[in-house]
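**Q** Using my numbering, read the sequence shown as starting at 357 and increasing by one per residue. For glycine and all other residues, C-beta sits at the position ideal for the given N, C-alpha and C. I'd like to ask you about the structure that follows.
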Amino acid sequence: MTTPLDSETIANALETLNGWDHRENKLSRQYVFDSFSAAIGCIVQMAFACEQANHHPEIYQVYNRLKIDLTTHDAGCQVTQKDLDLARAIEAVAQKQATA
Numbered sequence: 357m358t359t360p361l362d363s364e365t366i367a368n369a370l371e372t373l374n375g376w377d378h379r380e381n382k383l384s385r386q387y388v389f390d391s392f393s394a395a396i397g398c399i400v401q402m403a404f405a406c407e408q409a410n411h412h413p414e415i416y417q418v419y420n421r422l423k424i425d426l427t428t429h430d431a432g433c434q435v436t437q438k439d440l441d442l443a444r445a446i447e448a449v450a451q452k453q454a455t456a
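Below you can see the structure in the form of structure tokens.
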């Protein structure tokens with residue numbers, strides 16, 4: 357089982373993950389893109405990072421907006437290092453395409 361992180365560790369990590377927050381045992385981030393197709397394209401690129409990590413976020417998409425939620429089900433739906441690592445990978449993909 358993956359070990360949940362404490363609030364202080366999560367808060368320290370989020371200092372380097374602009375726009376991400378920790379609520380309700382999840383890491384969350386919203387992105388805005390120029391268009392619907394840009395948002396979908398980003399989801400496709402994120403999917404490769406998620407598959408490589410074997411960790412899969414909840415993704416909510418409405419027109420040009422995405423909301424990403426990360427939590428580790430194997431850790432009782434708590435935030436783990438896997439979530440922080442995937443947040444960094446997602447951020448690297450999204451920052452190339454997002455407008456906000």
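#1: Use the C-beta contact count for R379: other C-beta atoms within 10 angstroms, 16 or more gives buried, fewer gives exposed.
#2: My understanding is that C398 touches A450, with C-beta atoms under 8 Å, so please give their C-beta distance in whole angstroms.
#3: Beta carbon of C433: closer than 7 Å to some heavy atom of the ligand COA?
#4: Tell me, to the nearest whole angstrom, how far the beta carbon of L440 is from that of A369; I am working on the premise that it is less than 8 Å.
#5: Could you check the C-alpha separation between W455 and T359 for me, to the nearest Å?
#6: Just to confirm my understanding: we take I415, look at its own chain, exclude 5 residues before and 5 after, and list those with CB closer than 7 Å. What are they?
**A** For this structure:
#1: exposed
#2: 6 Å
#3: With respect to small molecules bound, the structure shown includes none, and the ligand COA cannot be examined in it.
#4: 5 Å
#5: In the sequence as presented, Trp is not what sits at residue 455; that position holds Thr. Each residue's alpha carbon lies about 34 Å from the other.
#6: I399, L422, I424
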